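In what follows, a single structure is set out as structure tokens and then discussed.
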């Protein structure tokens, strides 16, 4: 079942562990939302404001995040494999838990696409 929450305003919303698989959250305001462990597999988050969101351990596999704002988002341990991140802002996002990425719970970005298919090459991120 698709859940339509387009342009929803959920600033600082408490959505820990929520089942939002396939949810339509285009242009939603999720600034500072608590989404730790939430299942957003295949969610449509194009243009969503996820800045300052807490997404530790969240499942964003295959999510459409084109143009999303993830500024200062906390993404430690999140699964972004095969997510579409073209034009997304990941500035100052926390991708690992401490200063040593080798000893931290890293973000899973295998197969994530960060450049547009219309460009000559698209960059696909591989596991480290």
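In the working numbering, the protein residues as written are 749 to 876.
Glycine included, C-beta positions come from ideal geometry on N, C-alpha and C.
Fair warning: this is a prediction, and the values are worked out from it, not measured in the lab.
For residue i, count the other beta carbons within 10 Å of its own beta carbon; 16 or more makes it buried, fewer makes it exposed. Which is it?
| i | result |
| --- | --- |
| residue 797 | buried |
| residue 778 | buried |
| residue 856 | buried |
| residue 878 | Any answer about residue 878 is impossible in this case: the structure gives the chain only from 749 up to 876. |
| residue 765 | exposed |
Here's a check: name, in chain order, each residue in its chain whose Cβ is nearer than 7 Å to the Cβ of residue i, leaving out the five neighbours to either side.
| i | result |
| --- | --- |
| residue 753 | 771, 772, 773, 776 |
| residue 815 | 794, 795, 835, 836 |
| residue 827 | 807, 808, 809, 856 |
| residue 763 | 781, 782, 783, 786 |
| residue 838 | 818 |
| residue 842 | 822, 823, 824 |
| residue 805 | 784, 785, 825, 826 |
| residue 790 | 769, 770, 810, 811 |
Am I right that residue i and residue j are in contact with their C-beta atoms under 8 Å? What's the rounded C-beta distance?
| i | j | result |
| --- | --- | --- |
| residue 799 | residue 820 | 6 Å |
Take residue i and list the residues in its own chain whose beta-carbon comes closer than 6 Å to its own, dropping the five residues that flank it on each side.
| i | result |
| --- | --- |
| residue 761 | 781 |
| residue 831 | 808, 811, 813, 860 |
| residue 758 | 778, 781 |
| residue 756 | 776 |
Kindly list the residues whose CB is nearer than 8 Å to the CB of residue i, restricted to its own chain and excluding five residues on each side of it in sequence; keep chain order.
| i | result |
| --- | --- |
| residue 840 | 819, 820 |
| residue 829 | 809, 810, 856, 857, 858, 859, 860 |
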